[in-house]
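Asker: For this note's numbering, count along the sequence shown from 1 and bump the result up by 77.
Glycine is no exception: its CB is placed at the ideal position from the N, C-alpha and C atoms.
Dumping the structure here so I can ask a few things about it.
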Amino acid sequence: MLRYVTTNPGKVREAERYLRDGSVERLDFDYPEIQAAELGPIAARGAREAYRHLGEPVLVDDAGLFVEGLDGFPGPYSSYVEETLGIERVHDIAADLDDRRAAFRCVLGYCDGGGFAATPDPVDRGDRDAAAAAGPSGGGTEPDGNAPTDPLPVKLFEGYVPGRIVAPRGEGGFGYDPIFEHDGETFAEMDTDRKNAVSHRGRALEKFAEWYADR
Ligand code: ITT
């Protein structure tokens, strides 16, 4: 049984379309999210934490909204910004920008304790970013200056969708969906299948599902 690790039921609704046959179950595990400029190390760290917690195959989903005119903000801080500012204020800030282009990104991190053959998808074989963020004392840097690698490999699958920030529209989806427009519609105006067909998560899940079918 594969566990989709998230506190967000909206993500599971979307993931179920790709992993239909009852082979996936949600694990409501709030893994500590490290501070990092990119989603990959956050997903990799979360997948290791979740696998160590459970001892069974896990898939962690880390996503964010990257606004071009704000140099990619809120990006990896999207969750905190949604909770504190709220999406209406994110829209208000973006409304003053000349460039309202934005993108959603999603990185899925899979860990089952095993290793992975080389493929085009990235494999995170170490916790270098986390170790570097913790500094020389907290990170346990090796004498040669390199951060130690974590023995648990994590396979990463990435998805991206371009769009722009608009005033909130639509009742569906979750999170930033009402203010993210793609091809004339906000994600909150699309049903789950239509959003999946174009979304960051849909693209990452499609790659994962294809790979996982052979595993
Ligand atoms: P977990 O970490 O437990 O999975 P979360 O909702 O905090 O739940 P993220 O850190 O990946 O998940 O999400 C960052 C923020 O981006 C958060 O505010 C989400 O609501 C939002 N978000 C993620 N995917 C989204 C999507 O497809 N549409 C709209 N907002 C999304």
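#1: When you compare each of C188, R103, D105 and R125 to I111 by their alpha carbons, which one comes out closest?
#2: Helix, strand or coil: which one does DSSP assign to E133?
#3: On the criterion of 16 or more Cβ atoms from any shown chain inside 10 Å, does G163 qualify as buried, or is it exposed?
#4: Thinking just about the alpha-carbon of each residue, which of L131, E266 and N273 is nearest to the one in D189?
#5: In whole angstroms, what is the alpha-carbon distance linking A224 and D201?
#6: Report yes or no: do the segment 249-263 and the segment 114-121 share at least 3 C-beta pairs separated by less than 8 Å?
#7: Which parts of the segment 149-173 are runs of the alpha helix (DSSP H), unbroken and 4 residues or longer, counting only runs that do not cross its ends?
#8: Using 8 Å for Cβ pairs, my map puts A114 next to R182. What's the rounded Cβ distance?
#9: Span of the beta strand (DSSP E) holding L282?
#10: Could you please give me the residues that DSSP links to I242 through a beta bridge?
Answerer: The short version:
#1: Position 34 of the sequence shown holds residue 111. Of all alpha-carbon atoms in C188, R103, D105 and R125, the one lying nearest the alpha-carbon of I111 is that of R125.
#2: By one-based count along the sequence shown, residue 133 stands at place 56. E133: coil per DSSP, three-state reduction.
#3: As a position in the sequence shown, residue 163 is number 86, starting the count at 1. G163 is exposed by the Cβ-count criterion.
#4: The sequence position of residue 189 within the sequence shown is 112, counting from 1. Nearest of L131, E266 and N273 to D189, Cα basis: L131.
#5: Here residue 224 refers to the residue found at position 147 of the sequence shown. Here residue 201 refers to the residue found at position 124 of the sequence shown. Its pLDDT being 42, under 50, A224 is placed unreliably by the model, and the measurement read from it follows with that caveat. C-alpha separation (whole angstroms): 14 Å.
#6: The segment 249-263 makes no contact with the segment 114-121, as fewer than three CB pairs between them are under 8 Å.
#7: 155-161 and 164-172
#8: Taking the sequence shown and counting its residues from 1, the one referred to as residue 114 is at position 37. Taking the sequence shown and counting its residues from 1, the one referred to as residue 182 is at position 105. Actually they do not touch by this definition, with Cβ atoms about 12 Å apart.
#9: One-based indexing of the sequence shown puts residue 282 at position 205. It is not in any beta strand (DSSP E) - L282 instead sits in the alpha helix (DSSP H) that spans H277 to A290.
#10: As a position in the sequence shown, residue 242 is number 165, starting the count at 1. Its beta-bridge partners are F257.
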